[in-house]
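Numbering (numbering that gives the first Met the number 0), first residue to last: 0 to 306. Just so you know, even glycine gets a beta-carbon here, dropped at the ideal spot from N, CA and C.
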Amino acid sequence: MAAEFKKTRGIVFDFKRYALHDGPGIRASVHFKGCPLACLWCHNPESQIFEPRPLFRPERCIGCGACVGACPKGAVRASEAGLLTDETLCAGLGRCADACPSGAREMCGKSVGVDEVTHQILKERLFFEQSGGGVTLTGGEPLSQPEFAIAILRECKKYELHTTLDTSGFASPSVIMETIPHTDLFLYDIKIMNPDRHREFTGVDNEIILSNLSKLASAGAEIWARMPFIPGINTDLENLNAAGKFISGLNAVRQLNILPYHSAAEDKHNRWGIKFGLKGLRPPTEQSLRSAAKIIESFGVKVLIGG
């Protein structure tokens with residue numbers, strides 16, 4: 000069975016060394032491709048599509064047309080408006096990125112095996128030991144590739160590494176429960192408590208998310224809840240009170256981290272030519288963050304501002 004797990008493959012789009020905001024200590028963060036949510040404020044919009052895809056930076060394009068000839072599917076073509084990509088024809092082969100001399104096209108996502116990921120993680124082991132750090136699976140949404148995520152977690156525990164799973168909680172309850180024996184810490188997103196507003200701004204209902212969080216807490220998992228703080232969307236008194244009340248009933252939740260929205264989200268959408276639904280949104284003020292923290296703390300919840 001262990002050998003079968005090690006054969007599992009998945010798609011990742013980034014591997015970060017020396018990560019400091021994805022759990023305790025210095026960590027290696029494995030970024031999974033694909034997410035069932037489509038949060039309007041997403042800071043990694045390139046992760047939402049599950050398949051590997053070349054991304055395009057228009058400001059770097061020199062108009063040489065090398066990408067047009069390189070694509071065997073004819074997905075890239077020249078027009079009066081510049082070089083256009085037909086996503087319905089794109090097979091994610093990355094030939095256009097390979098051919099681009101200016102770096103305007105960059106491949107996002109690649110298929111890797113458990114052994115490849117583990118090999119990269121173990122290179123950082125000294126930093127883990129010195130800082131009390133470890134490995135964090137993040138995304139995208141790691142549990143959108145459940146077999147791959149669980150296989151990596153299992154392999155990391157073989158080497159006695161501290162494991163953290165950063166998740167939206169939008170997954171099958173059976174998958175959530177299967178991760179518990181292999182996960183030391185869950186970083187669990189609580190975005191919006193009202194189900195209708197949650198669906199409006201993330202694309203999915205929050206019933207399974209809150210239910211899975213309750214199941215994790217009942218099972219005694221260690222959890223740090225995290226709330227992205229998005230002005231005008233989830234910063235109202237009703238949402239903060241509802242979140243505080245809900246979290247206070249879950250003894251396994253050790254703390255809530257309020258994560259302030261910042262303009263990097265819009266910058267990243269612009270960089271990759273992805274439409275941004277919250278254009279011009281300003282980050283929250285320090286006063287609004289402190290006020291929100293006090294509201295949630297009034298329910299007996301430990302609150303930290305930032306990751």
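- With fewer than 16 other CB atoms across the displayed protein chains lying within 10 angstroms of its CB, LEU125 is exposed.
- The continuous beta strand (DSSP E) containing ARG253 extends over residues 252-259.
- Take MET192, set aside five residues on each side of it, and the residues of its chain with a beta-carbon closer than 6 angstroms to its own are ASN238, ALA241, ALA242, in chain order.
- Assigned with DSSP and collapsed to three states, LYS244 falls in helix.
- The closest CA to that of ALA37, considering only GLU105, PRO57, HIS197, THR87, is found on HIS197.
- Apart from the 5 residues on each side of it in sequence, CYS66 sits with its Cβ closer than 7 angstroms to the Cβ of VAL75, LEU82, CYS95, ALA98, CYS99, ARG104 in its chain, given in chain order.
- Distance between GLY132 and GLN254, taken at the CA atoms: about 18 angstroms.
- According to the DSSP assignment, LEU152 belongs to the alpha helix (DSSP H) that extends over 145-157.
- Between the region 279-295 and the region 224-232 there are three or more C-beta pairs closer than 8 angstroms, enough to call the two in contact.
- One thing to note: PRO194 has its Cβ no nearer than 9 angstroms to the Cβ of ALA170.
- Cβ-Cβ separation between LEU152 and LEU136: approximately 7 angstroms, consistent with a contact (criterion under 8 angstroms).
- If you check the CB distance, GLY202 and ILE257 do not come in under 9 angstroms.
- For MET226, the closest alpha carbon among the candidates ALA220, ASN205, ASP188, GLY248 is that of ASP188.
- The C-beta separation of GLU221 from LEU184 comes to about 5 angstroms, placing the pair in contact by the 8 angstroms criterion.
- Counting other Cβ atoms within 10 Å of its Cβ, GLN47 reaches 16 or more and is therefore classed as buried.
- Distances from the alpha-carbon of GLY272 to those of THR87, ALA291, GLU58 put GLU58 closest.
- Going by beta carbons, GLY112 and THR182 fall outside the 9 angstroms limit.
- Using a Cβ distance threshold of 9 angstroms, PHE147 and GLY9 count as a contacting pair.
- Secondary-structure assignment with DSSP links GLY133 through a beta bridge to ARG26, HIS161.
- Secondary structure of VAL203 (DSSP, three-state): coil.
- Here ALA224 is not near LEU209, since their CB atoms are 9 angstroms or more apart.
- A direct Cα-to-Cα measurement between TYR158 and ALA216 gives close to 26 angstroms.
- Burial check for LEU160: the Cβ neighbour count within 10 Å reaches 16 or more, so the residue is buried.
- Our two residues, LEU88 and GLY73, have alpha carbons roughly 7 angstroms apart in a direct line.
- Cβ neighbours of GLU154 within its own chain (closer than 6 angstroms, five residues either side excluded): VAL113, THR117.
- Look at ALA292 here: in three-state DSSP terms it is helix.
- Within the same chain, PHE169 come within 7 angstroms of ILE207 by CB-CB distance, once the 5 residues on both sides are set aside.
- For GLU50, no beta strand (DSSP E) encloses it, and the DSSP letter there is neither H nor E.
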